[in-house]
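**Student:** The numbering of the sequence shown is the numbering used here, which starts it at 1384 and goes up by one. Following this message is one structure expressed as structure tokens.
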Amino acid sequence: MRKYVSEAMTYLFVFTIIVAVSLTTNARPIQQHKEFSRVAQNMAARQSSVYQVTQDTSGLLWLATDTDGILRYDGYQFSRWTEAVLPSVKTADFSKLLIDDDIIWAATWGHGLAAWNSKTQKAHQFKQTKHSSSLKNNRVQTLFKDSQNRLWVGSLGGLQYIKPGQTIQEDLTFKFLAEQHPLNNLRIWWITESSSALWVASSQGVFKVSLDLKTWEQYFVDPDNIGENRANQVRTIELVGDTLWVGTAQGLFYLGNETNTFKPTHFEGVKTPASLRVNDMIVESNNGKQSSLWVGASEGLYQVNTESRTFIKQKNDWAALKNVDIRSLHFDKTDTLWIGTRSQGLFKGITTVNNFTDPLAGVKALSNVPATDNPVQAIHYANNNDLWLANTAGLYKRDSVTELWQFFPFNNEYPVREVNVLITDSHGNLWVGTNQELFRTQSDNPKLDPVDAIEIQLGLEENTVTAIHESDNGTILLGLWGQGIVKFDRDSGMFSWHNQKFGELRNDQAYSIVTVESSGIYSATGYSGLLNLTNQSLVEGPFNNETLLCAYSFRPNTIWLCSDNGLWEYNTQSKTTRHFTESDGLPSNRILGITADKTGNLWVITSLGLARLNLTSHKIITLNEADGLPSSNFIEHAIDSSSTGEVTIGSTAGASSFSPEQVKIKEVVANTALTSIEVNDENITDRYALTSKRFILPEDYQRFRLSFAITDFRAPEKNSIRYQLSGVNDQWSEWTTDLSLNFNALPPGKYQLTVQGRNSQGIESKKPLTLSLVVRAPWWYNFWTFFVGTSVFIVCIYVAIRLRTKTLERANLKLEAEIALRTNELKFANEKLQKLSETDPLTGLLNRRGFENSFQRLILLHQKSKEPLSILLIDIDHFKKFNDKYGHNAGDSTLKAVSQTLTSCVREQDIVARWGGEEFVLALPNLDIKKAEETANRLRLAIANQELDCEGIPVAITATIGISSFNAEEDNLAVWIKAADDALYEGKEKGRNRFVANTNPFK
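Structure, rendered in structure tokens:
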């Protein structure tokens, strides 16, 4: 007799939650913030200080540092460029970089100004001399190129500039402002430009210089302390609209338009000015509008509201990177803030948009409710838009009208380890399918009591429910793990079998049951494909070769299928399919769940993230951490949408809700940039211009390697490329996250390489990167050789024949190279596909298909040699109960352990495979029944003697083994398996943990 939780206690518990949640639930607008982290690549961790971060025209990052000199960062690694730019100095501290197409200008601290023209491969160093037109001081602080293409150089000795159009050479002329101008002798910290003037930060205030350089004005931060002190030393300046912001060693100031004097910036609510040593500033724009000012100081990173002119608090402190000495700030076009520091390397701040909310946030404050950050395993929106969430503790219900939550716990007498599905039907009933029981109750006042009738009426020992669906006529269909589909008649209250066709395949299950408008009812199964339950038939389609994980339908005659190999769209009327995979932009090929919104999008949860598929353009956008996604570890089927448009998804960290119409995604179209060129394993990148698109290879080269970067550095490990090489293969390659391409022994000639990039969102670069490759021909390929040969041909027929022979040989070599290249690609692809199709992904053993293929080869040898052959079929005892008790992760670990035991205990010529579920199969050539029994007993003991660790508890398992061994001329594997299976079941009936042999296949 089952025991139930008392109604009085349930009502009291639910009432308490309603009151508490009503006080804590509130709406939250979509906001954004920055998540900061240190860039942990090797070179970045080694250099101590980064004094500037900038980007070139392709979008690659460049760093001016003190330890590693000049570095370029491509999202994966740092490359050193100091030797190319300043070859005459071993080590130098760099303070600023200015990259002008193919020219790099580098300011150093003690070694003057360096300039490198990557196109001409010439490097120049400009230092202080006695000549009046030379550099004023070797300690160069800053560089700036104005709107008139003048290059301004600020040093400890003053301000100078280089006129536009000058050729970079050793006697380059550095000009000063007018004679006796104060900027000619002051330390220059920073330069910027407005529409009418240059603004110069110096050791004695800020100067405003007209663009024609004829007039100037000087502004002091502290006019009462003019002199040899730091009171007026301005370290950095930034123009925000008409307001000039300046940073000093004493704090942050702005120039007031009304009084033309500087005013200090305060922390909000604090009367005294903020005392900071400011080193750099940068404006962050939001859709073209100025939003805030980021301030890098020796005390950390700060943010300023430019309208209220006060600091913005960062979480619990004013500083985002407290006690980090910030020296350089730079925004890229993804709104990522790059932060150069003193002595602590490089940091980055990724803009994160809070598109998602935790629907259970109000419930978390309640002490008498189980943790709501446990995995949310099932989600359902009722017809009235009530939201139901389920985890192993119980059910959470949010009323669609009051938005109040209620919690309904599972009875502790019937522990639930997994909630597979829950729905509310048209009669107000709530159905819940778990790993152990089926629950049915009224949705307005749930009492989670198991349904005994299904076990009694169908004679079931267990009823793990994997799918529940209400058909249009009100009949409830239930998928039972490994058994089939049951229907429930509401009028009679009787359960009966609706379909048991796939029940013959142990461990098969109906993952989803859906009604497709104008077509009927369909079920997506694990191993039996897509079933039409209306006419009890298998739907023909390529998707039946995959494991189907879910089905979804919201349009007539159309069904969407989740699989372990992508997303499928199937039209039941035209019988056509469309297949979406990682190549189309999905983050993973393992699709876990689907739902549609009201804006024409399909939302897809995968094993590696959430994707949005536009049903009109078929454009796929992947959402990740930058979009506020709290977790990508989603749970199968845990996604649903309401009629009002809200979508909720479940993960191992809880639940997340969002409104598709309000989701803000910054779609970034990144560049595809060339980062590295290697010939015969030698890196020759710096031998080409920074913007070079043409590369010449010597005729004797063996290996050619090109590396690329996608200039979206938010999740660089998820960026990918594809390519085509005209003249060899005009077809696009598959997308790959390996951003390097290798071309070996290309025949002489001209080739065009086109590389298309795609970022972590699945967005392709605006235009592909096109490179020209030229493989030089040997001397006998050139025109003059051919001409001389032709002339000699007139004189000497022998020479003419030889030349013609060589021409044919060259053509054959080129053709053979192309054929060999394509043949190798096809061979590699076929071998890879063959291996994947025959390998069990969990254990690494052969799967059923792989075993069948291997057995057919073995049986041919067996028939020729007349040597004995035996088959062992091994089944782990009570594995279903083991899974229920310890969980699927422990079950998977057990299967791996058993597979390793089997592999280690057999001979090299024996074939070991995972037959399915908890079953393994072995083929033992040259072993008769007696030796097969010895092997089976040895394997049985090995399995029984291994000790497994399940959450710190030692656990032992056993196995039952069936043996088939006979010398009949039988090549049908099914006969061998049937004989072993019969023996296996005989062993189970005798108590398990034993082996039984069957030498008669017709027994």
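The beta carbon of each residue, even a glycine, is placed where N, CA and C say it ideally should be. This one's a predicted model, so the numbers in the text were calculated from it and none came from an experiment.
#1: DSSP three-state call for Asn-2376: helix, strand or coil?
#2: What's the C-alpha gap between Gln-1840 and Asn-1882?
#3: From Thr-1474, Gln-1563, Val-2030, Ile-2294, pick the residue whose C-alpha is nearest to that of Trp-1771; which is it?
#4: Tell me which same chain residues have a C-beta within less than 7 Å of the C-beta of Arg-1613, skipping the five on either side of it?
#5: Could you name the residues of the same chain whose beta carbon sits closer than 6 Å to that of Lys-2371, not counting the 5 residues immediately before and after it, in chain order?
#6: Between the Cα of Leu-2307 and those of His-1564, Val-1687, Thr-2318, spot the shortest distance and give me the residue it belongs to.
#7: For Phe-2078, which three-state DSSP category applies?
#8: Relative to the C-alpha of Thr-1619, which residue among Val-1629, His-1416, Thr-2222, Arg-2375 is closest?
#9: Secondary structure at Asp-1625, three-state DSSP: helix, strand or coil?
#10: For the beta strand (DSSP E) that Thr-1989 lies in, which residues bound it at each end?
#11: If you reduce the DSSP assignment to three classes, tell me which class Asn-1662 lands in.
#12: For Ile-1988 versus Leu-1950, is the C-beta spacing smaller than 8 Å?
#13: How is Glu-2317 classed by DSSP in three states: helix, strand or coil?
#14: Could you have a look at Ser-1966 and say whether DSSP puts it in helix, strand or coil?
#15: Could I get the ranges of all uninterrupted beta strand (DSSP E) runs contained in the region 1438 to 1508, with 3 residues as the minimum, in chain order?
#16: If we count the other Cβ atoms within 10 Å of its Cβ and call it buried at 16 or more, is Trp-1880 buried or exposed?
#17: When you compare the CB positions of Ala-2315 and Ser-2282, do they come within less than 8 Å of one another, or not?
#18: In terms of DSSP beta bridges, what is Cys-2288 paired with?
#19: Quick check on DSSP: helix, strand or coil for Thr-2153?
#20: Quick one, which of Asn-1828, Trp-2118, Pro-2081, Leu-2152 has its alpha-carbon nearest Asn-2127's?
#21: Report, in whole angstroms, the separation of the C-beta atoms of Ala-2200 and Pro-2130, which I expect to be a contact under 8 Å.
#22: Distance, Cα to Cα, Ala-2296 vs Ser-2237?
#23: With a cut-off of 8 Å, do at least 3 Cβ pairs link the region 2240 to 2248 to the region 2325 to 2338?
#24: With 16 as the cutoff for other CB atoms within 10 Å, does Glu-1965 come out buried or exposed?
#25: Does DSSP put Asn-2383 in a helix, a strand or coil?
#26: Please name the residue in Asn-2272, Leu-1659, Thr-2277 whose C-alpha comes closest to that of Ile-2340.
#27: When DSSP builds the beta bridges, which residues end up paired with Ala-1979?
#28: Is DSSP giving Tyr-1910 helix, strand or coil here?
#29: What's the C-alpha gap between Pro-2043 and Ala-2009?
#30: Are there 16 or more other CB atoms within 10 angstroms of the CB of Asn-1669, so buried, or fewer, so exposed?
#31: Consult DSSP for Ser-1826 and reduce its assignment to one of helix, strand or coil.
#32: Cα-Cα, which of Pro-1939, Leu-1944, Val-2379, Thr-1693 is closest to Leu-1931?
#33: For the region 2032 to 2039 against the region 1459 to 1469, do three or more pairs of beta-carbon atoms, one drawn from each stretch, fall closer than 8 Å, so that the two count as touching?
#34: Does Met-1877 pass the burial test, meaning 16 or more other C-beta atoms within 10 Å, or should it be called exposed?
#35: What three-state label does DSSP hand Leu-2310 in the structure shown?
**Tutor:** Looking at the coordinates:
#1: coil
#2: 16 Å
#3: Val-2030
#4: Ala-1632
#5: Thr-2343
#6: Thr-2318
#7: strand
#8: Val-1629
#9: coil
#10: 1984 to 1989
#11: strand
#12: no
#13: helix
#14: helix
#15: 1444 to 1448, 1453 to 1456, 1461 to 1463, 1477 to 1483, 1486 to 1491, 1496 to 1500
#16: exposed
#17: no
#18: DSSP output for Cys-2288 lists no bridge partner at all.
#19: strand
#20: Pro-2081
#21: 5 Å
#22: 10 Å
#23: no
#24: buried
#25: coil
#26: Thr-2277
#27: Leu-1985
#28: coil
#29: 16 Å
#30: exposed
#31: coil
#32: Leu-1944
#33: no
#34: exposed
#35: coil
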